[in-house]
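Asker: In terms of this note's numbering, the sequence shown is residues -12 to 106.
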Amino acid sequence: MLERLSNRRLAFVGDSIGRNQWESLLCLLSTTVTNKSSIYEVNRRLITKHTGFLVFKFAEFNCTIEYYRAPYLVLQSRPPAGSPKQVKTTLKLDKMDWGSVKWKGADLIVFNSGHWWNS
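#1: Give me the residue from V74, K89, K23 and S3 with the minimum Cα distance to E47.
#2: For L39 and T21, I'd like the C-alpha separation in whole angstroms.
#3: Tell me the start and end of each unbroken beta strand (DSSP E) in the region 13 to 89 that is at least 3 residues and wholly inside, in chain order.
#4: I'd like the span of the beta strand (DSSP E) that includes G1, first residue to last.
#5: Please go through the same chain and pick out, in chain order, the residues whose beta-carbon is closer than 6 Å to the beta-carbon of R6, but skip the five residues on each side of it.
In structure tokens:
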């Protein structure tokens, strides 16, 4: 798989389910690389439970496996003025999440937001 991803970006975008898929793929792919120091997070961040993004580079193959937290995929915003008190947030379905500029240009994108739409 790393050979097929050579010179490419693979991005996982979504919620915790997507993050788990991303972490699992990182673990699987890292077992095939003998020089573990050639795998690193490009911003020198540790894998921790945080909001935001992580980008791991497999230098030997010049590819990145990236994760971007965007639970709704679209822009989450404040409710309009005059909204009922029980309305805590709105989703702007015509606008992508702010982080979308970071995953723009990825060669492959795996979207996942199903967890948030269940009742």
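Just so it is clear, CB atoms sit at the ideal spot from N, CA and C, and this is done for glycine as well.
These figures come from a predicted structure and were not determined experimentally.
Answerer: Straight from the coordinates:
#1: The residue you call residue 47 lines up with position 60 of the sequence shown. Taking only the C-alpha atoms, the option nearest E47 is K23.
#2: Residue numbering aside, residue 39 sits at position 52 when the sequence shown is read from its first letter. Residue numbering aside, residue 21 sits at position 34 when the sequence shown is read from its first letter. According to the sequence displayed, residue 39 carries Gly and not Leu. G39 and T21: Cα-Cα distance of roughly 29 Å.
#3: Counting only runs of 3+ residues, the beta strand (DSSP E) found wholly inside the region 13 to 89 occupies 26 to 28, 40 to 45, 50 to 56, 61 to 64 and 77 to 83, in chain order.
#4: As a working mapping, residue 1 is identified with position 14 in the sequence shown. Here the beta strand (DSSP E) through G1 covers R(-4) to G1.
#5: In the sequence shown, residue 6 corresponds to position 19, counting from 1. Around R6: Y54.
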